[in-house]
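2 protein chains.
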Amino acid sequence: MNVQLEDNSGKREAVLNSTLALIKEHGFHGTPMSMIAKHAGVAAGTIYHYFDSKDTLIVELYIHVKERLAGAMLGNDNKDLPYKDRFFNFMINQYNFYIEHPDVFFFLEQYVNSPFAKNYPEKDSQLFKDKVHTFFNYGIENAYFRNIDPRLLAPTVKGTLVAAANFQLSQYSAFSKEDLIEIINIVWDGIKRQ
Amino acid sequence: MNVQLEDNSGKREAVLNSTLALIKEHGFHGTPMSMIAKHAGVAAGTIYHYFDSKDTLIVELYIHVKERLAGAMLGNDNKDLPYKDRFFNFMINQYNFYIEHPDVFFFLEQYVNSPFAKNYPEKDSQLFKDKVHTFFNYGIENAYFRNIDPRLLAPTVKGTLVAAANFQLSQYSAFSKEDLIEIINIVWDGIKRQ
DNA sequence: TTGTACCGAATGAACGTTCAATTAGAAGAC
DNA sequence: GTCTTCTAATTGAACGTTCATTCGGTACAA
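Quick mapping for you: the protein sequence lines, in order, are chains A and B.
Under our numbering, think of the first position of the first sequence as 1, with each following residue one higher.
Under our numbering, think of the first position of the second sequence as 1001, with each following residue one higher.
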């Protein structure tokens, strides 16, 4: 039950990765534990050595990918840059992470709208919250943003980016770098102090 | 199996409404057919008189609520108004519909990210597509919008509105009419021709 | 008297979870 | 260095439950 001692064999990781891949393809309930076990090259019972239940497996997977996402979004944040540049980097990083990891993208989209998110509202990545909160707070306190409820800012921004990522991943037309910048400009022109 | 002949008793409607209400609360897979039957005051077998399977029930419910949504969004559209006003009405109507029908909102959010949407991509409301498409096309052809891929426009706009509706429905802080206008201004300032 | 609407118990498959048994490997004894 | 012991890791068949779906039957209308 102690995560930190078992990573040697990598089975825990394998289960998480398989779950991610399979859920993208089949959804939460089209993905039985037996399928996860097979895909991960592990016996069904083994999964229960690492996770209490299918529910907690999914919740822990959620936290796990949110940490990865937080790292990707703000890993190279440079506080010396102008805030607008930092914001653009934040957005580009997030977008690229989704495009490079479609399984994460689809998993997250399914999760946030599922009963999981409502049943375990306290289960989230603290790292993610802290990082993103700090980042947006800086923009608010220094008056880069329009005067709206700060709790609305992140979802608004995310809404557009998710729309873009979804567009790219679902359709087969590729965005150029310029297209993406254009989209981020839409967001920026909307939320910046006019 | 013919929809149009059976509405006299209203059982089909009752099943649809119960499904909507229960899925909001418990999600797709936390809502067994037996629960739907009980909630609708109908025998389990009766559902199969109106719907081939649970899957088609949900897909037909999706189409059904999209039609209602289309009606709500553009029911009072007035082509004599300035396009910006029409756009604001479009947004306000959509927002209000979500707030007044949280079950629809949560059902749609779950549906679009579920395997249903991928497994039955052709199953959608034609009415909805036509109306919204026409509405946005007008804005594009008359150069009210920034020059972006038109297929991106609707998702971008929707992303922000969904974020707002979700915020209002999940948290308990109410938006004022002015707050909503402010949010729509964010969208408008982002996508309008600068 | 034929067909449609409806019922609800019965069916059977699918699935999450358990558990008795086996193996691997580390720690300690000598 | 080898033997012993103990615990963690792993297996997969078996269990019990849940659930979508079926079906034989009733009621009523045309």
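Note that beta-carbon positions come from the ideal geometry of N, C-alpha and C, so glycine has one too.
According to the DSSP secondary-structure assignment, F1145(B) is paired through a beta bridge with K1192(B). For G1045(B), the three-state secondary structure derived from DSSP is helix. Its chain contains I1063, K1066 as the residues whose beta carbon lies nearer than 7 Å to that of D1124(B), once the 5 sequence neighbours on both sides are disregarded; these appear in chain order. For T156(A), at least one C-beta of chain B is nearer than 7 Å to its own C-beta.
With a threshold of 16 other beta carbon atoms within 10 Å, K131(A) meets it and is buried.
In its chain, beyond the 5 residues on either side, R1193 have a beta carbon closer than 7 Å to the beta carbon of A1143(B).
When CB distances to chain B are screened at a threshold of 7 Å, the residues of the region 94-125 of chain A falling below it are E109, Q110, N113, S114, P115, in chain order. The region 1111-1119 of chain B makes no contact with the region 1068-1080 of chain B, as fewer than three CB pairs between them are under 8 Å.
Annotated three-state conformation of E1100(B) is helix, per DSSP. Leaving aside the five residues that flank G71(A) on each side, none in its chain has a CB nearer than 7 Å to its CB. Comparing alpha-carbon positions, the option among V162(A), M35(A), R68(A), P150(A) lying closest to M91(A) turns out to be V162(A).
Secondary structure note for D1052(B): it is in no alpha helix (DSSP H), with a DSSP letter that is neither H nor E. One finds nothing in chain A with a Cβ atom closer than 8 Å to the Cβ of N1137(B); even the nearest lies about 18 Å away.
Nearest to F51(A) by C-alpha distance, out of R68(A), K38(A), F107(A), M33(A), is M33(A).
By the Cβ rule, the region 104-111 of chain A does not count as touching the region 180-188 of chain A, because fewer than three pairs are nearer than 8 Å. For D189(A), the chain B residues whose Cβ falls inside 8 Å of its Cβ are D1189, G1190, Q1194, in order along the chain. A contact is defined here as three or more CB-CB pairs under 8 Å, and the region 1037-1051 of chain B meets this definition with respect to the region 1017-1029 of chain B.
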